Structure formats: C-alpha cells, structure tokens
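For reference, the structure is listed below as structure tokens.
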Amino acid sequence: MSLDKVVAGAAEAVAGVPAGASVAVGGFGLAGIPWFLIEALLEQGADDLTIVSNNCGVDGAGLGLLLERRRISRVIASYVGENKEFARQYLAGELTVELTPQGTLAERLRAGGAGIGAFYTPAGVGTLVADGGLPWRHHPDGTVAVASPPKEVRTFRGREMVLEEGIVTDVALVRAAVADRAGNCRFHAAARNFNPVVAMAGRLTVVEAERVVDTGDLHPDDVHLPGVFVQRVVALSPEQAARKDVEKRTTRGERPAEED
Numbered sequence: 001m002s003l004d005k006v007v008a009g010a011a012e013a014v015a016g017v018p019a020g021a022s023v024a025v026g027g028f029g030l031a032g033i034p035w036f037l038i039e040a041l042l043e044q045g046a047d048d049l050t051i052v053s054n055n056c057g058v059d060g061a062g063l064g065l066l067l068e069r070r071r072i073s074r075v076i077a078s079y080v081g082e083n084k085e086f087a088r089q090y091l092a093g094e095l096t097v098e099l100t101p102q103g104t105l106a107e108r109l110r111a112g113g114a115g116i117g118a119f120y121t122p123a124g125v126g127t128l129v130a131d132g133g134l135p136w137r138h139h140p141d142g143t144v145a146v147a148s149p150p151k152e153v154r155t156f157r158g159r160e161m162v163l164e165e166g167i168v169t170d171v172a173l174v175r176a177a178v179a180d181r182a183g184n185c186r187f188h189a190a191a192r193n194f195n196p197v198v199a200m201a202g203r204l205t206v207v208e209a210e211r212v213v214d215t216g217d218l219h220p221d222d223v224h225l226p227g228v229f230v231q232r233v234v235a236l237s238p239e240q241a242a243r244k245d246v247e248k249r250t251t252r253g254e255r256p257a258e259e260d
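Under UniProt numbering, the residues of the sequence shown are numbered 1 to 260, in order.
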C-alpha cells in the first residue's frame with residue numbers, strides 16, 4: 001500500500017492552521033525559506049502566531065510579511081538580523097521575543113522532535129540566558145515588561161550547564177530540494193540549515209518541494225529527513241522552485257584599464 005502525502009497546493013496545506021498556533025519555520029537568512037507556505041499562511045489569515053525560527057525574514061519578504069500584517073505575537077529566534085520592522089515592534093512593546101543561542105535553538109527543536117523534554121548545555125552559563133533578565137517584551141516607553149526567568153544550572157564533570165527545554169510546535173513549514181510522495185526529503189547544500197530539525201519539531205509538518213518524485217526514487221542514503229516526520233507535501237512549479245531571493249547582492253564594477 002502506498003502512502004501519498006502530496007496535496008493540491010500550499011493553500012490546502014495550511015488551511016487548518018488556527019489562530020494562536022505555534023509554527024516552526026525552516027531557513028537561515030533567506031536560504032531554505034518555505035516562501036510559498038508562508039505566503040499561503042498570510043492569505044489564510046491565522047493570527048496571534050508564535051513563530052520559532054532562526055530569524056524572522058527580512059522587510060517585505062518571508063516571515064517579514066507576517067510581521068508587517070501583525071500576524072505574529074511571539075518569536076523564539078536566535079537572530080533579529082536586518083529586519084527593521086522586527087526590531088521596531090520588539091522595542092515598541094508590540095512583540096514578545098525570546099532570543100536563544102543558535103546552537104541551543106537547533107537542539108531544542110531536535111530534542112522536541114525526538115521526544116526529549118529537556119537537556120543540559122554549557123551555552124549561556126554565566127549570562128542572562130541562564131541567570132534570567134533577558135527582555136522578552138517591552139513597555140511602549142522602552143522599559144522591560146517581561147523578562148526571562150532564571151534557569152536551572154547543574155555541574156557535570158566539573159562543568160556548569162544550563163537546562164533548556166525541547167520545543168514542539170503545532171505546525172512546521174519546511175523547504176526541500178526533493179521530496180518523494182511519502183514525504184522523504186533531500187535538501188540542497190546550505191539550504192538544509194534548520195529545515196530538518198524544524199520538521200522534526202512539528203506535530204503537523206508541511207514541506208514545499210522544488211521537485212517531487214515517486215516513492216522509492218530517492219536512494220536511502222540521499223534521504224536527509226525521513227517521511228515519518230512529514231504529513232503534507234506541496235509540489236512547486238518550475239517557476240516557483242526557481243525563486244531564491246538574496247539578502248544582499250554585492251557587485252564589483254569593471255576594473256579600470258591598465259595604462260600602457
């Protein structure tokens with residue numbers, strides 16, 4: 001019996017995401033971003049979302065679109081980046097932001113997907129990450145409205161470590177280079193980034209794939225994410241698959257001709 005997880009399109013894939021949902025989103029900067037699933041969620045209208053992602057897109061693109069439409073109330077991320085609207089909402093007291101060390105964020109997602117409730121890590125010991133006091137939300141006047149609580153610290157083999165909780169989200173949105181109809185996925189180069197651990201953390205994981213192949217066409221050694229973590233697959237058109245925006249494009253002018 002075959003298991004076909006391919007759905008008609010991005011709109012159908014995110015149709016049931018409710019207001020107040022927690023959503024893990026793959027990508028790093030603009031690499032490996034599930035562009036079309038994000039845009040479908042924007043059109044779908046769910047709000048009061050908690051977003052778990054390395055960063056929150058850029059102004060006018062990716063998760064930045066959800067921010068601009070006030071669909072996000074809380075972000076768990078490791079990097080604010082170059083998104084001016086993200087910074088503005090955070091400093092104005094319109095957005096709750098839980099900044100987390102990047103490696104810790106990746107492990108929190110992986111742990112949640114693996115059924116691990118929490119783990120100890122040395123990252124953040126001796127800082128506000130462990131001691132508490134990181135501003136999660138501001139008042140409009142800039143004072144701190146909500147600060148992070150202190151976390152448990154224990155010593156293992158003579159080294160202090162802080163307890164971090166695993167993350168499980170209602171939904172995960174992922175971008176893959178290739179997926180088969182059973183949801184097994186392969187990612188391309190740096191676009192793999194957070195996508196596998198994001199997929200693991202979602203109770204409902206949706207993948208937009210640049211190319212969809214029949215089940216069995218992917219060699220087992222080429223599978224980066226097993227289909228057991230995926231519930232829905234959206235096949236992109238060639239035009240959609242070709243969309244890969246760049247955060248910054250730097251070019252160099254022609255070198256002046258050398259004098260004889």
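C-beta atoms are modelled at their ideal positions from N, C-alpha and C, and glycine is treated no differently. These numbers come from a predicted model, not from an experiment.
In the DSSP annotation of this structure, the continuous segment of the alpha helix (DSSP H) that includes ASP131 starts and ends at 128 to 131.
Between ALA242 and ALA209, the CB-CB gap reaches or exceeds 8 Å. Of the candidates SER148, ALA179, TYR120 and GLY132, TYR120 places its Cα closest to the Cα of ARG159.
GLU254 sits exposed, since fewer than 16 C-beta atoms from the chains shown fall within 10 Å of its C-beta. Nearest to GLY142 by C-alpha distance, out of ARG88, ARG192, ALA130 and GLY183, is ARG88. Contact check for VAL125 and ARG186: beta-carbon distance about 37 Å, past the 8 Å limit, so the pair fails to qualify. For THR104, the enclosing alpha helix (DSSP H) has its first and last residue at 102 to 113.
Each of VAL153, ALA10 and LEU163 was checked against the Cα of GLN44, and the nearest Cα belongs to ALA10. The three-state secondary structure of ALA31, taken from DSSP, is strand.
Here the alpha carbon of GLY16 sits roughly 13 Å from the alpha carbon of GLN231. Of all alpha-carbon atoms in ALA118, ILE116 and SER148, the one lying nearest the alpha-carbon of LEU128 is that of SER148. The C-beta distance from GLY113 to GLU165 rounds to 13 Å, too long to meet the 8 Å contact threshold. Residue state for ASP47 is assigned as coil, using DSSP reduced to three classes. Comparing alpha-carbon positions, the option among LEU30, ILE38 and VAL75 lying closest to ILE51 turns out to be VAL75. In the three-state reduction of the DSSP assignment, ASP180 falls in the strand class, which pools E and B. For PHE86, the enclosing alpha helix (DSSP H) begins and ends at 84 to 91. Just measuring C-alpha positions, the residue of ARG181, LEU236 and VAL171 sitting nearest SER22 is VAL171. The three-state secondary structure of ILE38, taken from DSSP, is helix. Distance check between GLY32 and each of ALA40, GLY20, LEU41 and GLY62 places GLY62 closest, using alpha-carbon atoms only. Closest option to VAL25, judged by alpha-carbon separation, among PRO18, LEU42, ASN54 and LYS5: ASN54.
Sixteen is the threshold: since fewer than 16 other Cβ atoms of the shown chains lie within 10 Å of the Cβ of ASP4, the residue is exposed. For the 8 Å CB-CB criterion, LEU99 and SER78 form a contact. By the criterion of a C-beta distance shorter than 6 Å, GLY29 is surrounded in its chain by GLU247, once the five residues flanking it on both sides are discounted. Look at GLY64 here: in three-state DSSP terms it is helix. Given a length threshold of 4 residues, each whole run of the alpha helix (DSSP H) inside the stretch 168 to 226 is given here in chain order: 195 to 201.
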